[in-house]
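A.B. asks:
Residue numbers (the UniProt record's numbering): 1 to 519.
(1) Are residue 97 and residue 339 touching if we call contact CB-CB under 8 Å?
(2) Evaluate contact between the stretch 138-155 and the stretch 349-357, counting only Cβ atoms and requiring at least three cross-stretch pairs below 8 Å.
(3) Measuring CB atoms only, is the stretch 27-43 touching the stretch 93-113, in the sense that at least three cross pairs come out at less than 8 Å?
(4) Would a C-beta distance cut-off of 8 Å place residue 279 and residue 264 closer than the cut-off?
(5) Does the distance from the C-beta atom of residue 484 to that of residue 256 stay below 8 Å?
(6) Among 284, 292, 282, which one has its Cα closest to the Cα of residue 411?
(7) Can you tell me the Cβ-Cβ gap for residue 17 and residue 195, rounded? I've got them flagged as a contact below 8 Å.
(8) If you draw a straight line from the C-alpha of residue 317 to the C-alpha of residue 327, how long is it?
(9) Considering only residues of the stretch 321-350, which uninterrupted beta strand (DSSP E) runs meet the minimum length of 3 residues and lie entirely inside it, listed in chain order?
(10) Using C-beta distances below 8 Å, list every residue in its chain close to residue 467, excluding the 5 sequence neighbours before and after it, in chain order.
(11) Drop a sphere of 10 angstroms on the beta-carbon of residue 214, count the other beta-carbons inside from all chains shown, and report buried for 16 or more, exposed for fewer.
(12) What is the DSSP secondary structure of residue 374, reduced to helix, strand or coil?
(13) Residue 44 and residue 30: beta carbons closer than 8 Å?
(14) I'd like the list of long-range same chain contacts for residue 140, defined as Cβ closer than 6 Å, with 5 residues on each side in sequence excluded.
(15) Is residue 239 helix, strand or coil when you go by DSSP?
(16) Look at residue 219 and residue 3 and say whether their C-beta atoms are less than 8 Å apart.
(17) Quick one: what's got a C-beta closer than 7 Å to residue 471's C-beta in the same chain, skipping five residues either side?
(18) Based on Cα-Cα distance, which residue from 508, 513, 376, 441 lies nearest to residue 604?
(19) So, helix, strand or coil for residue 368, using DSSP?
(20) Among the residues of its own chain, which have a CB less than 7 Å from the CB of residue 465, if the five just before and after it don't count?
(21) Runs of 3 residues minimum, wholly inside the stretch 247-309: which ones carry the beta strand (DSSP E) assignment?
(22) Distance, Cα to Cα, residue 230 vs residue 183?
(23) If we cut at 8 Å on Cβ distances, does residue 489 have a partner in chain D?
(24) Going by the DSSP bridge assignment, what does residue 128 pair with across the sheet?
(25) Could you round the C-beta distance between residue 335 and residue 177 to whole angstroms and report it? I think they count as a contact, below 8 Å.
(26) Taking the alpha-carbon positions, what's the residue 94 to residue 427 distance?
(27) State the Cα-Cα distance for the pair residue 211 and residue 32, rounded to the nearest angstrom.
(28) What do you reckon, are the CB atoms on residue 370 and residue 295 nearer than 8 Å?
(29) Look at residue 158 and residue 181 and say whether their C-beta atoms are less than 8 Å apart.
(30) Thinking residue 227 and residue 463 are a contact (beta carbons under 8 Å), I'd like their distance in whole angstroms, please.
(31) Could you tell me which whole beta strand (DSSP E) segments of length 3 or greater appear in the stretch 142-206?
(32) Can you say whether residue 207 is buried or exposed, counting buried as having 16 or more other CB atoms within 10 angstroms of its CB?
(33) Inspect the beta-carbon positions of residue 54 and residue 77 and report whether they are closer than 8 Å.
(34) How is residue 519 classed by DSSP in three states: helix, strand or coil?
(35) Taking the beta carbon of residue 425 as the centre, do at least 16 other beta carbons fall within 10 Å, making it buried, or is it exposed?
(36) Less than 8 Å between the beta carbons of residue 203 and residue 23, yes or no?
Laid out in structure tokens, this is it:
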């Protein structure tokens, strides 16, 4: 039996970073366990093709229970089941969140996680094509670039927002987050630059790194209060992958809490109900947060991404790394406050040069464009719990989207901002009519629209949060040799897309694990 120093569960964004960083030491043996397989599907690397990956074998294809805030509607929750995890199927938007997020974490007891303390890890990871400055790094593995599509339908949103009185912002990750503009992306040469490409691929040749793909983690093996390995099912056989130093869960905000509960770490009442012995009674799976989004969709006579998949555009992508196939779909957007007394934004917009309906699963047969808000700092909290004691059962997930009154108020106000932008000339000149918009601008109509047609923005967090399940060094309370490193440890969901914060957290965790903080 091979014994490793570190066993990492999940080759998503955090797992790829950890596998690469920990295996930099040639004396350390690292195993990376991934339920999916290599990121070799063409649709992964062609940015505009990522919706084609939804509900395929590369997607965990999760869903919520009937959501009380959505009139009982179930929400679809895609998650990457492939090297790179969600960074292999996401919209590639590079946003760090707001200074207030991290300072808020630190003020609530997450020592070491203030903005000034995490900024060096953002910069270490980042290879920004614009170069280095006080906010950005230029030499990191994760390439960050300006989008190469610049589709006129996405640019029209920015122009309309400026006409409505909002300021343009060319860097949402610098001095201020407020304003509208084009998002920077995790792309290189017009192609997706996932955590797998940035971190894992260069490390695969190292003899001290072993990747076990198509391997389902069943539970963490805990002996005498210490995590000693991971029980894995692979090719019909069950084995234990042993860890001398640490087991690290990087399976994401849904799967990491599920694995902890299957291992006897979680709410005692829940575990007992499924016949699982209680190792530690902790609030695992509680505190779930996400960004809920509602998009206005308009028809247009202009050409949209609907016609992007041509041989000519494919050749342009291959030869020059540009053209509509480089589009990440959510090309532009911005950050707004819905009340004057807010110091940080409470809504974020994404704008797409194509129709985006039915949770990105709708059949689109005409040209259009879409934009709208998400609730950026939700008060609502949900739960992840077990469906059964079988490791292959999907977890039970309830997000409680729009349950909190303040979230409903924020969504209504955000949709009013969207309607105001839609009324400006830059949008009115290209819109030939509504495709999917609220029936009116009353509170009831706007809320009904959001409940019926909104969706996840794919940013689940906080189910194994610092201060509740793990300490500020991401060690599970009262269990030796076990950490969680992914978005589940965030005390709250950051104000923005969550991939960059996950990469940051994994960079910081690598230092915490090796004792190299401040290197």
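All C-beta atoms in this analysis are idealised placements derived from N, C-alpha and C, irrespective of residue type, glycine included.
C.D. replies: The structure says:
(1) Here residue 97 refers to the residue found at position 97 when the chain shown is read from its first residue. Here residue 339 refers to the residue found at position 339 when the chain shown is read from its first residue. Contact: no.
(2) yes
(3) no
(4) Walking along the chain shown from the start, residue 279 turns up at place 279. Walking along the chain shown from the start, residue 264 turns up at place 264. Going by C-beta atoms, residue 279 is nearer than 8 Å to residue 264.
(5) Position 484 of the chain shown, counted from the start, is the residue given in the question as residue 484. Position 256 of the chain shown, counted from the start, is the residue given in the question as residue 256. Their beta carbons are under 8 Å apart, which means residue 484 touches residue 256 by this criterion.
(6) Within the chain shown, the letter at position 411 stands for residue 411. Comparing Cα positions, the closest option is 292.
(7) Indexing the chain shown from 1 puts residue 17 at position 17. Indexing the chain shown from 1 puts residue 195 at position 195. At roughly 6 Å, the Cβ-Cβ gap stays under 8 Å, so residue 17 and residue 195 are in contact.
(8) Indexing the chain shown from 1 puts residue 317 at position 317. Indexing the chain shown from 1 puts residue 327 at position 327. Each residue's Cα considered, the two are about 11 Å apart.
(9) 332-336
(10) The residue you call residue 467 lines up with position 467 of the chain shown. Cβ within range, chain order: 108, 109, 110, 491.
(11) Here residue 214 corresponds to residue number 214 of the chain shown, with the count starting at 1. By the 10 Å Cβ count, residue 214 comes out exposed.
(12) Residue 374 sits at position 374 when you count from the first residue of the chain shown. Looking at residue 374 - three-state DSSP - the assignment turns out to be strand.
(13) Within the chain shown, residue 44 is the residue found at index 44, counting from 1. Within the chain shown, residue 30 is the residue found at index 30, counting from 1. Cβ distance not < 8 Å, so residue 44 and residue 30 don't count as in contact.
(14) Position 140 of the chain shown holds residue 140. The residues are 124, 125, 126, 127.
(15) Residue mapping note: residue 239 aligns to position 239 of the chain shown, counting from 1. Strand.
(16) On the chain shown, position 219 is the one that residue 219 refers to. On the chain shown, position 3 is the one that residue 3 refers to. No. Outside cutoff.
(17) Translated into positions along the chain shown, residue 471 becomes position 471. Around residue 471: 477.
(18) The shown model of the chain, from 1 to 519, leaves out residue 604, and the question about it has no answer.
(19) As a first step, residue 368 must be located in the chain shown, where it is residue number 368. DSSP places residue 368 in strand when its eight states are reduced to three.
(20) For this step, residue 465 is matched to residue 465 along the chain shown. Closer than 7 Å at Cβ, skipping near neighbours: 287, 489, 490, 491.
(21) 286-288, 296-300
(22) Residue numbering aside, residue 230 sits at position 230 when the chain shown is read from its first letter. Residue numbering aside, residue 183 sits at position 183 when the chain shown is read from its first letter. Near 39 Å, if we compare the C-alpha coordinates of residue 183 and residue 230.
(23) Any reference to chain D falls outside this structure, which holds one protein chain only.
(24) In the chain shown, residue 128 corresponds to position 128, counting from 1. For residue 128, which the question treats as bridged, DSSP gives the partners 144.
(25) For the purposes of this step, residue 335 is taken as residue 335 along the chain shown, with counting starting at 1. For the purposes of this step, residue 177 is taken as residue 177 along the chain shown, with counting starting at 1. Rounded, the Cβ-Cβ distance is 5 Å, consistent with contact.
(26) Residue mapping note: residue 94 aligns to position 94 of the chain shown, counting from 1. Residue mapping note: residue 427 aligns to position 427 of the chain shown, counting from 1. Their backbone Cα atoms lie some 25 Å apart in a straight line.
(27) Position 211 of the chain shown, counting from 1, holds the residue named residue 211. Position 32 of the chain shown, counting from 1, holds the residue named residue 32. If I take the Cα positions, the gap works out to 5 Å.
(28) Walking along the chain shown from the start, residue 370 turns up at place 370. Walking along the chain shown from the start, residue 295 turns up at place 295. Taking 8 Å as the Cβ cut-off, residue 370 and residue 295 qualify as a contacting pair.
(29) If you number the chain shown from 1, residue 158 lands on position 158. If you number the chain shown from 1, residue 181 lands on position 181. Cβ distance < 8 Å, so residue 158 and residue 181 count as in contact.
(30) Within the chain shown, numbered from 1, the residue matching residue 227 stands at position 227. Within the chain shown, numbered from 1, the residue matching residue 463 stands at position 463. With 8 Å as the limit, residue 227 and residue 463 do not qualify as a contact, their Cβ atoms being about 18 Å apart.
(31) 142-146, 179-182
(32) In the chain shown, the residue the question calls residue 207 occupies position 207. Answer is exposed; the Cβ neighbour count stays below 16.
(33) For the purposes of this step, residue 54 is identified with residue 54 of the chain shown, where counting begins at 1. For the purposes of this step, residue 77 is identified with residue 77 of the chain shown, where counting begins at 1. Cβ distance not < 8 Å, so residue 54 and residue 77 don't count as in contact.
(34) Locating residue 519 in the chain shown gives position 519, counting from the first residue. Since pLDDT at residue 519 reaches only 42, below the 50 mark, its modelled position is unreliable, and the value read off the structure follows with that caveat. It is coil, neither helix nor strand.
(35) For the purposes of this step, residue 425 is identified with residue 425 of the chain shown, where counting begins at 1. With fewer than 16 other Cβ atoms within 10 Å, it is exposed.
(36) Start at 1 with the first residue of the chain shown, and residue 203 comes out as number 203. Start at 1 with the first residue of the chain shown, and residue 23 comes out as number 23. Contact flag set, yes.
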